[in-house]
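The structure under discussion appears below in the form of structure tokens.
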Amino acid sequence: MNPTKETSLFSGFSAFEGLLPDFARTGLFSAAGQKYTREQSGRLDTEYRPSAVVLSRREETAETITLKLLPGERYPDFVPGQHIDVAVEIAGVRHVRQYSLTGIPGAGALEITVKRQKGGLVSNHLLDHAESGTRLEISVPRGEFLLRDQPTAAYCFFSAGSGITPVYAMARAVLQSGTKADVWFFHAAKSKDAVIFRHSLERLAFEYKNFKPYFFLKESDTNDTTHRSVRLNYAAAESMLPSDMNPHTTQIFVCGSGAFVQDLEGGFTAAGFSGLQSEYYTLPETAAGEGAARFLRSRATVKAGTNLLEAAEAAGIQAKHGCRRGICHECKAHKRSGTVKNILTGKETSGREDIQLCITQPVGVVEIDL
Ligand code: FES
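Quick note: the sequence shown uses our numbering, first residue 25, plus one each step.
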């Protein structure tokens with residue numbers, strides 16, 4: 025497959041110019057945009073505290089709603105794939121969760137899509153209480169799970185459950201850019217009715233002949249050619265994708281549980297595909313390690329078999345955190361010494377450095393400024 029020239033998605037000097045025509049006015053280079061950049065580097069911005077008012081709510085499935093939010097002035101635009109933090113107070117305690125932005129950039133209003141999670145404090149609170157007029161504290165858009173500015177012959181999006189939210193926003197943006205590249209979209213869900221954005225995806229498939237959505241469902245529907253009743257994994261993807269896909273001009277995005285992401289990441293990486301990005305909705309299983317952590321300011325030393333956030337909590341330390349899956353950077357802490365392994369990438373690093381506690385496992389003894 026030969027690279028296809030994009031017509032508008034990434035034209036000009038800025039990677040986002042074609043996609044976000046208003047970005048130059050409101051985005052990366054404005055005061056708010058600079059604040060956004062500082063937030064990306066992990067520094068909390070105390071003077072800019074954005075909030076948004078719920079304009080409306082829309083049911084996507086029996087367990088999922090989309091909230092349309094109107095942010096305040098100076099709020100920067102976003103790039104599909106990014107998320108925001110949403111803070112709510114429940115019984116006097118502030119809770120923060122991350123939600124992908126599922127609306128269209130430049131539209132003024134934002135959209136987040138929330139699926140009810142079993143035991144999920146914030147998702148249940150939003151489904152039960154968020155209504156027109158509710159004010160929510162939010163962050164500026166963040167995240168690096170983004171489309172790349174490079175010649176692309178094909179896009180492949182893989183998601184499971186609520187992992188569909190960022191990849192849906194990206195796939196729609198790619199299609200609306202007018203690309204001629206094939207856009208494959210593979211999504212795993214319990215049933216047809218549980219597929220979030222199903223009607224919108226079907227409309228996109230009707231509108232764009234290069235869009236190829238497939239739903240991998242636990243229940244079978246023999247009347248619909250887009251449905252597969254097999255497990256969505258690398259083997260299933262490989263059997264459906266063209267065998268001559270160019271591994272260097274294909275952008276692949278994966279979002280779902282740890283095991284789901286690891287299987288696809290492993291398969292595509294072994295097959296030589298270089299343009300793969302992933303976002304974990306849950307951390308992958310990690311073999312218990314033998315490491316230990318010394319939390320210097322708290323004067324506590326504990327065994328840290330899994331990750332350093334859990335180790336800190338086991339030591340009774342209230343470590344700052346948000347997503348617990350490597351996305352929000354809220355758990356960033358400084359390591360003074362020792363070697364650690366990044367649970368998502370497997371990469372080991374040593375010496376003084378900032379680390380994300382939730383995705384870091386110690387190798388031996390490490391010293392943390394906490
Ligand atoms: S808690 Fe979000 S990155 Fe660690």
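Glycine included, C-beta positions come from ideal geometry on N, C-alpha and C.
In the assembly as shown, His211 is a buried residue. Its beta-carbon has 16 or more other beta-carbons within 10 Å.
Per DSSP, reduced to three states, the secondary structure at Asn331 is coil, with no helix or strand assignment. Counting only runs of 4 or more residues that sit fully inside the region 190–259, the alpha helix (DSSP H) segments are 222–231, in chain order. Within the chosen limit of 7 Å, ligand 1 does not reach the beta carbon of Gly291 with any heavy atom.
For ligand 1, residues qualifying as neighbours are Leu333, His345, Gly346, Cys347, Arg348, Arg349, Gly350, Ile351, Cys352, His353, Glu354, Cys355, Gln380, Leu381, Cys382 and Ile383, where qualification means a beta carbon closer than 7 Å to at least one of its heavy atoms (chain order).
The region 136–173 contains, as complete alpha helix (DSSP H) runs of 4+ residues, the segments 145–153 (chain order). Gly340 counts as exposed, since fewer than 16 other beta carbons sit within 10 angstroms of its beta carbon. Secondary structure remark: continuous beta strand (DSSP E) runs of at least 3 residues inside the region 346–394, in chain order: 356–366, 372–374, 377–380 and 384–392. By the Cβ rule, the region 154–172 counts as touching the region 88–107, because three or more pairs are nearer than 8 Å.
Here Val120 really is in contact with Ala111; their C-beta atoms are around 5 Å apart, less than 8 Å. About 5 Å separates the beta carbons of Ile220 and Glu84, which is inside the 8 Å limit, making them a contact pair. Cβ-Cβ distances below 7 Å link Gln200 to nothing in the same chain once the five nearest sequence neighbours on each side are left out. Among the bridge pairs identified by DSSP, Gln301 is matched with Phe277.
Beta-bridge partners of Glu113 (DSSP): Arg118.
The count of Cβ pairs closer than 8 Å, one atom from the region 175–184 and one from the region 249–261, reaches three, so the stretches are in contact. In the DSSP annotation of this structure, the continuous segment of the beta strand (DSSP E) that includes Thr90 starts and ends at Thr88 to Pro95. Here the C-alpha atom of Glu309 lies approximately 15 Å from the C-alpha atom of Ala328.
Between Thr363 and Val387, the gap from beta carbon to beta carbon is short of 8 Å. Taking one beta carbon from each stretch, the region 315–328 and the region 286–298 have fewer than 3 pairs nearer than 8 Å; the two do not touch.
Under DSSP, no beta-bridge partner is assigned to Leu288. Taking each of Glu113, Leu307, Gly127 and Val326 in turn and checking the Cα distance to Gly350, the smallest one comes out for Leu307. Relative to the Cα of Gln385, the nearest Cα in the group Lys242, Gln174, Asn366 and Val146 belongs to Asn366. Between Lys236 and Asp206, the gap from beta carbon to beta carbon is short of 8 Å. Distance between His107 and Leu125, taken at the CA atoms: about 5 Å. Relative to the Cα of Ser281, the nearest Cα in the group Leu145, Leu256, His149 and Asn270 belongs to Leu256. Rounded to the nearest whole angstrom, the CA to CA distance from Ile276 to Leu300 is 5 Å. Secondary structure at Thr85: strand, using DSSP grouped into helix, strand and coil.
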